[in-house]
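Peer 1: Attaching a single structure in structure tokens format; questions to follow.
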Amino acid sequence: MDFFSDIGALLAQYWETYLRGMGNTLLLAVVATLIGCVIGLVCGILNTIPCSKNDPPVKRFFLGLIRAIIRIYVEVFRGTPMVLQAVFIYYGLPYITNNAFRFESVWAAAILVVSINTGAYMAESVRGGIISIDPGQTEGAKSIGMNHFQTMTSVILPQAIRNIMPQIGNNFIINIKDTSVMFIITFTEFFAVHRNIVALNYKYFPSATIEMVGYLAVTLTASALLRWVEKRMDGKSSYELVQTDNLTMAAGTYSHPDRGTPFDERSTEFGGKEGK
Amino acid sequence: MSDAILEVRHLSKSFGSNEVLRDIDFDVRPGDVTSIIGASGSGKSTLLRCINLLETPTSGDVLFHGESVITGGVNPNKYRAKVGMVFQSFNLFDNMDVLKNCMVGQMKVLKRSAAEAEANAMKYLERVGMAPYIKAKPRQISGGMKQRVAIARALAMDPEILLFDEPTSALDPEMVGEVLAVMRSLAADGMTMLVVTHEMAFARDVSANVVFMKDGVIWEQGSPDRLFREPETQEARDFLARFMER
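As given, the protein sequences belong to chains E and C, one line each in that order.
In the numbering used here, each number is its position in the first sequence, counted from 1, plus 84.
In the numbering used here, each number is its position in the second sequence, counted from 1, plus 1428.
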């Protein structure tokens, strides 16, 4: 059939190009998701600094200011399409600033756009993760004298991050696919490769099939990996007793001296099948 | 009276227009067990939370070794490290095993080395009978065990006073005993404790001073012998009578 032979021909000729495109897509998605998570964590910690009416006005003013800035950042970058953000940052900034500010590398621009986008989503996820942890643990930490930062890093965030792992996974998979809009700033990721190839030979549908299968293969692998990480984070479901007393007998390692004699209690207990 | 470790002076606390505590005044002397009794909703827990600065009092003062922890320049975190607290709902750190729960505060707040923190934690975990379980996570052990770990966690900070906020109220009757036994042994060793409790037998046997509260006010306080046998106020008589009926 023409269709499959076309796919075969495309792969034979361009497999390296496709692979390089996928490599760029994955690298961009991984780096941007990681940076986005860091942005989200910082926003989440800043957003949850406790603020009471008794605090000095200066502290309350700065906390309010920080919260307002984070809020604006989240709403703007969550509420506009990433394609347009890329256009504004890569083409718009040099245009407005008369080339005083422009990107030497398309990589830097792409990573910046995808990172701050992911960060905007993660900020809310992290906030949700933090408030999902029972406030009793925060009080427990406070009651032994830990400050906000210590409480966050030792107690709350490790649990919050575990709770938002599914959301981090979501963002990663979305990033694998949505980085495809970065072709607009001439970033050659997996989808841009497809556009370039079909412009040469008009084998649009066979190439699109390769794209579909390629994206699905990568996202499925990513899901499996994330699930494995989640399982690792949960730790063991059982624990070992630490016996401080060496005389304590563990079940099954001890044989009663009366075993097999008329004094063997087991022989009566189990209907006299043993001993006697 | 100046030898008191903790002095509560004219303490009041309101949530909005709701006055939860009114003009609370009492002392805790070193080595003594002070019990706070009273019906639910009488402000006992809020009082304890005010003392540990988990709530900010509306007015009044708390003096620790004669120094105000509210208006004075006392760092709240340093103060809390010296004042241990055991909660009704345990409040253990779910992401750490039993041993880590008792080590993290020592290492982060008191800046002790890991080895030192572990040795100290083990000392108190053995004392509460939880040494075999140091590798268990809080979700894997029973309520009574959790509370014993919480006590060990507070003790590991080597506090000068321990606050107990209804430590047995969330436990099954059969687990209450194991926690009270630990508390009794601490009292026998001269640990200074301030205990909010519904366990009247414990309050009677162990306390040096019993404080009776109702509707955010202290109605009377005194030695358990006197307060349990011949309460002066009608309120205390009614409260104790209801307890004896059960």
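The beta carbon of each residue, even a glycine, is placed where N, CA and C say it ideally should be.
Can you tell me where the alpha helix (DSSP H) holding phenylalanine 289/E begins and where it ends?
Peer 2: Along the first sequence, read from residue 1 onward, the residue named residue 289/E stands at position 205. Phenylalanine 289/E -> alpha helix (DSSP H) spans 288 to 318.
Peer 1: Return the chain-ordered list of same chain residues with a C-beta closer than 6 angstroms to the C-beta of leucine 1491/C, the five sequence neighbours on each side being excluded.
Peer 2: Along the second sequence, one-based indexing puts residue 1491/C at 63. Correct list, in chain order: Glu1435.
Peer 1: So, helix, strand or coil for lysine 1563/C, using DSSP?
Peer 2: The residue given as residue 1563/C occupies position 135 in the second sequence. Three-state DSSP puts lysine 1563/C in coil, outside helix and strand.
Peer 1: Use the C-beta contact count for arginine 1581/C: other C-beta atoms within 10 angstroms, 16 or more gives buried, fewer gives exposed.
Peer 2: As a first step, residue 1581/C must be located in the second sequence, where it is residue number 153. Classification for arginine 1581/C: buried.
Peer 1: Using 10 angstroms around the beta-carbon of valine 1654/C, count the other beta-carbons present and answer buried if the total reaches 16, otherwise exposed.
Peer 2: Walking along the second sequence from the start, residue 1654/C turns up at place 226. In the sequence as presented, valine is not what sits at residue 1654/C; that position holds arginine. Classification of arginine 1654/C: exposed, given that the 10 Å Cβ count is below 16.
Peer 1: What are the partner residues of asparagine 1446/C, as DSSP defines its beta bridges?
Peer 2: Numbered from its first residue, the second sequence carries residue 1446/C at position 18. Its beta-bridge partners are Phe1443/C.
Peer 1: Which residues of chain E have a Cβ atom closer than 9 angstroms to the Cβ of glutamine 1568/C, listed in chain order?
Peer 2: Against the second sequence, residue 1568/C aligns to sequence position 140. Ser321, Ser322 and Tyr323, listed in chain order.
Peer 1: Taking only beta carbons into account, state which residues of the segment 219 to 242 of chain E come closer than 8 angstroms to chain C, listed in chain order.
Peer 2: Flagged, chain order: Gly220, Gln221, Glu223, Gly224, Ala225, Lys226, Ser227, Ile228, Gly229, Met230, Asn231, Gln234, Ser238, Val239 and Pro242.
Peer 1: Beta-carbon within less than 7 angstroms of aspartate 262/E's beta-carbon, same chain only, minus the 5 sequence neighbours each way: which residues are those?
Peer 2: As a first step, residue 262/E is located in the first sequence; it is residue number 178 there, counting from the start. Excluding residues within five positions, the ones whose Cβ falls inside 7 angstroms are Met166.
Peer 1: Considering only the beta carbon of each residue, do serine 1470/C and methionine 1641/C sit closer than 8 angstroms?
Peer 2: Position 42 of the second sequence holds residue 1470/C. Position 213 of the second sequence holds residue 1641/C. It is a contact, given that the beta carbons lie within the stated cut-off.
Peer 1: From asparagine 254/E to alanine 170/E, what does the alpha carbon distance come to, in whole angstroms?
Peer 2: Residue numbering aside, residue 254/E sits at position 170 when the first sequence is read from its first letter. Residue numbering aside, residue 170/E sits at position 86 when the first sequence is read from its first letter. C-alpha separation (whole angstroms): 21 angstroms.
Peer 1: Where alanine 1467/C and glycine 1572/C are concerned, what is the direct C-alpha to C-alpha distance, given to the nearest angstrom?
Peer 2: Within the second sequence, the letter at position 39 stands for residue 1467/C. Within the second sequence, the letter at position 144 stands for residue 1572/C. Going from the Cα of alanine 1467/C to the Cα of glycine 1572/C covers about 23 angstroms.
Peer 1: Can we say the segment 122 to 133 of chain E touches the segment 191 to 203 of chain E, given the rule of at least three CB pairs closer than 8 angstroms?
Peer 2: The answer is yes - the segment 191 to 203 of chain E touches the segment 122 to 133 of chain E, with three or more Cβ pairs under 8 angstroms.
Peer 1: For the alpha helix (DSSP H) that isoleucine 156/E lies in, which residues bound it at each end?
Peer 2: Taking the first sequence and counting its residues from 1, the one referred to as residue 156/E is at position 72. Element bounds for isoleucine 156/E: 141 to 162.
Peer 1: CB-CB under 8 angstroms to serine 1440/C, same chain, minus the five flanking residues each way: which ones, in chain order?
Peer 2: On the second sequence, residue 1440/C is found 12 positions in, with the first residue counted as 1. Only Glu1447, Leu1449, Arg1450, Asp1451, Ile1452, Pro1485, Thr1486, Ser1487 and Gly1488 meet the Cβ criterion.
Peer 1: With a cut-off of 8 angstroms on the beta carbons, I'd call valine 1577/C and asparagine 1529/C a contact; round off their distance for me.
Peer 2: For this step, residue 1577/C is matched to residue 149 along the second sequence. For this step, residue 1529/C is matched to residue 101 along the second sequence. The Cβ separation is near 6 angstroms, so the contact holds.
Peer 1: If the criterion is Cβ atoms closer than 8 angstroms, does the pair isoleucine 133/E and leucine 149/E meet it?
Peer 2: The count along the first sequence starts at 1 and reaches residue 133/E at position 49. The count along the first sequence starts at 1 and reaches residue 149/E at position 65. No, they are not a contact pair.
Peer 1: Have a look at the DSSP bridge pairing and note the partners of methionine 1641/C.
Peer 2: Taking the first residue of the second sequence as position 1, residue 1641/C is located at position 213. In the DSSP output, where bridge partners are listed per residue, methionine 1641/C has Ile1646/C.
Peer 1: So glycine 1415/C is in the beta strand (DSSP E); what residue range does that whole segment cover?
Peer 2: Nothing in the structure corresponds to residue 1415/C, since chain C is present only between 1429 and 1674.
Peer 1: So if I threshold CB-CB distances at 7 angstroms, which residues from the segment 172 to 206 of chain E count as touching chain C?
Peer 2: Within the segment 172 to 206 of chain E, no residue qualifies.
Peer 1: Do three or more CB pairs link the segment 1499 to 1511 of chain C to the segment 1582 to 1589 of chain C at distances below 8 angstroms?
Peer 2: The segment 1499 to 1511 of chain C is in contact with the segment 1582 to 1589 of chain C.
Peer 1: Quick one: is threonine 1474/C buried, meaning 16 or more other Cβ sit within 10 Å of its Cβ, or exposed?
Peer 2: Walking along the second sequence from the start, residue 1474/C turns up at place 46. It counts as buried.
Peer 1: Do tyrosine 102/E and valine 265/E have their C-beta atoms within less than 8 angstroms of each other?
Peer 2: The residue you call residue 102/E lines up with position 18 of the first sequence. The residue you call residue 265/E lines up with position 181 of the first sequence. Going by C-beta atoms, tyrosine 102/E is not nearer than 8 angstroms to valine 265/E.
Peer 1: Between the segment 1468 to 1487 of chain C and chain E, which residues of the former have a C-beta closer than 8 angstroms to a C-beta of the latter?
Peer 2: Hits within the stretch, in order: Asn1480, Leu1482 and Thr1484.
Peer 1: Reducing DSSP to helix, strand and coil, say where isoleucine 1569/C ends up.
Peer 2: Counting from one through the second sequence, the residue named residue 1569/C turns up at place 141. DSSP places isoleucine 1569/C in coil when its eight states are reduced to three.
Peer 1: Going straight from the alpha carbon of asparagine 247/E to that of glutamate 208/E, what length do you get?
Peer 2: In the first sequence, the residue the question calls residue 247/E occupies position 163. In the first sequence, the residue the question calls residue 208/E occupies position 124. Between asparagine 247/E and glutamate 208/E, the C-alpha separation is close to 13 angstroms.
Peer 1: Would DSSP call serine 1396/C helix, strand or coil?
Peer 2: Any question about residue 1396/C goes unanswered here, given that chain C covers just 1429 to 1674.
Peer 1: What are the boundary residues of the alpha helix (DSSP H) that phenylalanine 222/E is part of?
Peer 2: As a first step, residue 222/E is located in the first sequence; it is residue number 138 there, counting from the start. In the sequence under discussion, the amino acid at residue 222/E is threonine, which differs from the phenylalanine named in the question. Run containing threonine 222/E: 219 to 227, per the alpha helix (DSSP H) assignment.
Peer 1: Hey, arginine 1612/C and valine 1634/C are a contact pair by Cβ (cut 8 angstroms); roughly how many whole angstroms apart?
Peer 2: Taking the first residue of the second sequence as 1, we reach residue 1612/C at position 184. Taking the first residue of the second sequence as 1, we reach residue 1634/C at position 206. About 6 angstroms; that satisfies the 8 angstroms criterion.
Peer 1: Exposed or buried, which one is serine 189/E when buried takes at least 16 other CB atoms within 10 Å?
Peer 2: Counting from 1 along the first sequence, the entry for residue 189/E is found at position 105. It counts as exposed.
Peer 1: Skipping 5 residues on each side, what residues in its chain have a beta carbon closer than 6 angstroms to that of phenylalanine 1656/C?
Peer 2: Reading the second sequence from its first residue, position 228 is the one you call residue 1656/C. Answer for phenylalanine 1656/C: Arg1632, listed in chain order.
Peer 1: Rounded C-beta distance between asparagine 1519/C and glycine 224/E? I'm assuming under 8 angstroms.
Peer 2: The residue you call residue 1519/C lines up with position 91 of the second sequence. The residue you call residue 224/E lines up with position 140 of the first sequence. Contact holds; Cβ gap of about 3 angstroms.
Peer 1: Using 8 angstroms as the limit for Cβ to Cβ distance, is valine 326/E near chain C?
Peer 2: Counting from 1 along the first sequence, the entry for residue 326/E is found at position 242. Chain C, which has a Cβ nearer than 8 angstroms to the Cβ of valine 326/E, makes this yes.
Peer 1: Spatial neighbours of glycine 213/E within its chain, please: C-beta separation below 6 angstroms, excluding the five flanking residues on both sides.
Peer 2: Within the first sequence, residue 213/E is the residue found at index 129, counting from 1. The residues are Ala244, Asn247 and Ile248.
Peer 1: Apart from the five residues on each side of it in sequence, which residues of its chain come closer than 7 angstroms, Cβ to Cβ, to lysine 287/E?
Peer 2: Against the first sequence, residue 287/E aligns to sequence position 203. Cβ within range, chain order: Asp90 and Leu94.
Peer 1: Whole angstroms are fine: how far does the CA of isoleucine 154/E sit from the CA of serine 238/E?
Peer 2: In the first sequence, residue 238/E corresponds to position 154, counting from 1. In the first sequence, residue 154/E corresponds to position 70, counting from 1. Cα to Cα, the separation comes out at about 24 angstroms.
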